[in-house]
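Residue numbers (my numbering): 1 to 561.
From the three backbone atoms N, C-alpha and C, an ideal C-beta is built for every residue, glycine too.
Structure record follows, encoded as structure tokens.
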């Protein structure tokens with residue numbers, strides 16, 4: 001139904017607005033307050049309002065010309081009887097349908113001739129009748145509305161078209177069996193619909209499947225006994241309710257456009273992944289459009305593993321400017337399959353503003369604590385919305401940074417000073433991982449070799465004896481200038497040698513095996529105590545501050561467009 005979506009922004013502030021040709025499933029990812037949920041609201045407004053509606057995230061949505069016969073059939077299925085003394089023009093169709101917003105029956109009249117004219121040219125404004133038609137078949141689900149999907153619903157005349165999802169599923173054995181199989185796979189319980197409360201249909205979860213259709217759908221003693229032993233879904237957890245409700249809506253529901261805000265809410269990671277897989281399977285064989293905003297790497301992994309066509313759009317907003325970038329399955333699958341990347345949960349980076357990658361877990365813990373204290377103190381050097389990840393060594397830092405930058409996620413690598421010792425293929429790692437232009441590689445390598453020689457001539461260990469402080473004043477200036485040039489591309493080298501050398505005023509053992517425990521103990525845990533180490537000028541506090549400066553640059557170097 002929907003053809004294309006045009007955003008207000010592109011992959012960077014200098015790039016043209018992003019245009020995406022729509023597949024049945026579109027997923028919005030990004031940090032908090034990046035506009036994911038707002039995008040869903042704007043899609044709803046643009047489709048359900050007759051006049052042009054401006055937005056902050058979405059610029060335009062184009063609609064394919066609609067099938068006239070399909071529209072006529074849709075309206076016939078919800079046509080109502082004209083009320084006594086009701087004056088309806090001949091070219092209007094009186095309709096009645098359960099509202100997705102209010103879950104109540106709403107009545108209206110639609111100008112059929114105007115609707116069919118607008119349907120053939122759906123992108124011309126105003127389009128009042130088409131907007132009214134689209135709003136009938138558009139559903140937006142947030143946290144509370146998801147839970148209401150499984151509420152008890154009125155039974156209806158089974159010889160007439162179904163006005164609610166439970167009635168539709170109750171009549172359709174195939175749809176009911178499809179939902180039953182999915183629910184059993186997820187929870188080990190059988191989804192059944194209980195008609196034994198006269199005038200109502202209720203969902204229950206049974207320990208066993210019904211013996212036959214009559215046992216589930218009848219009113220006899222066998223049916224009453226069967227349902228009495230099953231649990232009403234209203235007594236289940238919010239996670240079960242949300243999962244089942246979304247499956248019902250997508251399989252049996254009539255919305256042509258469904259907007260779901262954070263479907264993973266109430267679900268643990270493995271169930272979020274399963275939900276993602278099931279949604280993609282359902283959408284694979286439909287011409288409906290589903291838009292989802294998510295903050296779950298598990299849900300996203302499930303969608304990608306579903307093996308069907310989908311769009312993934314990452315949104316960001318820094319308080320002034322927004323970005324919108326398409327992420328391809330081809331970019332994401334290696335992040336899911338690579339054991340190193342999978343083990344550290346690198347997909348979580350999609351939901352953060354920035355990423356810092358360190359050589360080891362102890363380094364990660366230390367730098368993360370430094371940043372937490374900067375933020376706690378309201379220090380401008382602190383990095384908001386930053387994910388800290390650890391590699392296995394200085395070489396694998398860039399195996400993480402590079403794919404993240406390819407996704408448009410600002411990422412820096414922090415390595416100890418002995419990176420200067422490495423030439424050849426090893427030195428190429430930070431060059432390529434930070435997207436430093438190829439033409440500069442040779443000159444940077446020449447500088448690296450000269451600095452390495454200067455350290456060797458000092459007769460001291462560059463890593464453990466003080467870093468740049470062991471050099472002559474002129475060589476120290478040259479080395480710091482070299483590091484400053486690397487920092488322009490998000491490559492941060494510890495100038496004092498190694499991570500263990502930071503906060504040198506704290507008198508602790510710097511032995512690698514016990515260093516982290518010792519320094520955390522010395523730094524203190526209670527901000528109210530005098531012994532608690534607060535941020536100060538210089539040292540590691542400024543080092544993290546410089547990383548923040550790089551993150552905040554709109555024209556930062558090293559991020560491919």
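Next on the checklist: Under 8 Å: do the region 398-417 and the region 486-503 share three or more Cβ pairs, one atom per stretch?
Outcome noted: yes
Next on the checklist: Below 8 Å on the Cβ atoms is my contact criterion, and I expect residue 115 with residue 71 to pass it. Report the Cβ-Cβ distance as a whole number of Å.
Outcome noted: The beta carbons of residue 115 and residue 71 sit about 7 Å from each other, so the pair counts as a contact at 8 Å.
Checklist entry - By Cβ distance below 8 Å, which residues in the same chain neighbour residue 298 in space, the five residues on each side in sequence not counted? => result 264, 269, 270, 272, 273 and 276
Item to check | Contact under 8 Å by Cβ, residue 293 with residue 37 | outcome: yes
Item to check | Sequence-distant residues of its chain with Cβ nearer than 6 Å to residue 436 (five each side left out) | outcome: So the list reads 489, once near-sequence residues are dropped.
Checklist entry - Is residue 289 near residue 312, with beta carbons less than 8 Å apart? => result no
Next on the checklist: Among 94, 374 and 401, whose alpha-carbon lies nearest the alpha-carbon of residue 532?
Outcome noted: 374
Item to check | Extent of the continuous alpha helix (DSSP H) to which residue 273 belongs | outcome: 269-284
Item to check | Burial state of residue 224 (16 or more Cβ within 10 Å) | outcome: exposed
Item to check | Simplified DSSP state of residue 145, which is helix, strand or coil | outcome: DSSP places residue 145 within a helical segment (H, G or I) once states are collapsed to three.
Checklist entry - residue 305 to residue 281, Cα distance in whole Å? => result 10 Å
Next on the checklist: Below 7 Å, is the gap between the Cβ of residue 195 and the nearest heavy atom of the ligand HEM?
Outcome noted: Of ligands this structure carries none, so the ligand HEM is not represented either.
Checklist entry - So what does residue 322 bridge to, in DSSP terms? => result 317
Checklist entry - Just how far apart, CA to CA, sit residue 259 and residue 140? => result 4 Å
Next on the checklist: Once the 5 residues before and after residue 65 are set aside, which same chain residues still bring their CB inside 6 Å of it?
Outcome noted: 120
Checklist entry - Between residue 571 and residue 127, what straight-line distance do the alpha-carbon atoms span, to the nearest angstrom? => result Residue 571 cannot be examined here, being either before or after the span of the chain that is shown, 1 to 561.
Item to check | Given 8 Å, three or more beta-carbon pairs between the region 312-326 and the region 400-415 | outcome: Look at the beta carbons and you see the region 312-326 touching the region 400-415: at least three pairs across the two are nearer than 8 Å.
Item to check | Outcome for residue 528 when other beta-carbon atoms lying within 10 angstroms are tallied against a minimum of 16 | outcome: exposed
Checklist entry - Between the C-alpha atoms of residue 1 and residue 33, what's the straight-line distance to the nearest angstrom? => result 29 Å
Next on the checklist: Relative to the C-alpha of residue 201, which candidate in 235, 192 and 427 has its C-alpha closest?
Outcome noted: 192
Checklist entry - Using the rule of at least 16 other Cβ atoms within 10 Å of the residue's Cβ for burial, across every protein chain shown, is residue 254 buried or exposed? => result buried
Item to check | Close-in-space but distant-in-sequence residues of the same chain around residue 482 (CB under 7 Å, 5 per side omitted) | outcome: 447 and 451
Item to check | Of the residues 105, 176 and 236, the one placed nearest residue 212, counting alpha carbons only | outcome: Of the listed residues, the one whose Cα sits closest to residue 212 is 176.
Next on the checklist: Below 8 Å on the Cβ atoms is my contact criterion, and I expect residue 16 with residue 7 to pass it. Report the Cβ-Cβ distance as a whole number of Å.
Outcome noted: Taking a contact as a CB-CB distance under 8 Å, the pair residue 16 and residue 7 does not count as one, their CB atoms being some 10 Å apart.
Checklist entry - Grouping DSSP H, G and I as helix and E and B as strand, with all else coil, what is residue 202? => result strand
Item to check | residue 145 versus 111, 108, 323 and 99, residue with shortest Cα-Cα distance | outcome: 99
Item to check | beta strand (DSSP E) runs wholly inside the region 54-87, at least 3 long, in chain order | outcome: 58-63, all fully within the region 54-87.
Checklist entry - What separation, rounded to the nearest whole angstrom, lies between the Cα atoms of residue 475 and residue 442? => result 20 Å
Checklist entry - Taking the continuous alpha helix (DSSP H) assigned at residue 104, which residues delimit it? => result Premise fails: residue 104 is in no alpha helix (DSSP H) and is neither H nor E.
Item to check | Segments of 3+ residues assigned as beta strand (DSSP E) that fall wholly inside the region 321-371 | outcome: 322-327 and 354-358
Item to check | Length of the line joining the Cα atoms of residue 388 and residue 362 | outcome: 11 Å
Checklist entry - Terminal residues of the continuous alpha helix (DSSP H) containing residue 266? => result Annotation: residue 266 is outside any alpha helix (DSSP H) and is labelled neither H nor E by DSSP.
Checklist entry - Expressed to the nearest angstrom, what Euclidean distance is found between the alpha-carbon atoms of residue 345 and residue 505? => result 35 Å
Next on the checklist: Excluding the 5 residues flanking residue 402 on each side, which residues of the same chain have their C-beta closer than 6 Å to its C-beta?
Outcome noted: 433
Next on the checklist: Report the CB separation of residue 113 from residue 84 in whole angstroms; it is logged as a contact under 8 Å.
Outcome noted: Actually they do not touch by this definition, with Cβ atoms about 25 Å apart.
Item to check | Euclidean distance between Cα positions of residue 105 and residue 39 | outcome: The C-alpha of residue 39 is placed about 28 Å away from the C-alpha of residue 105.
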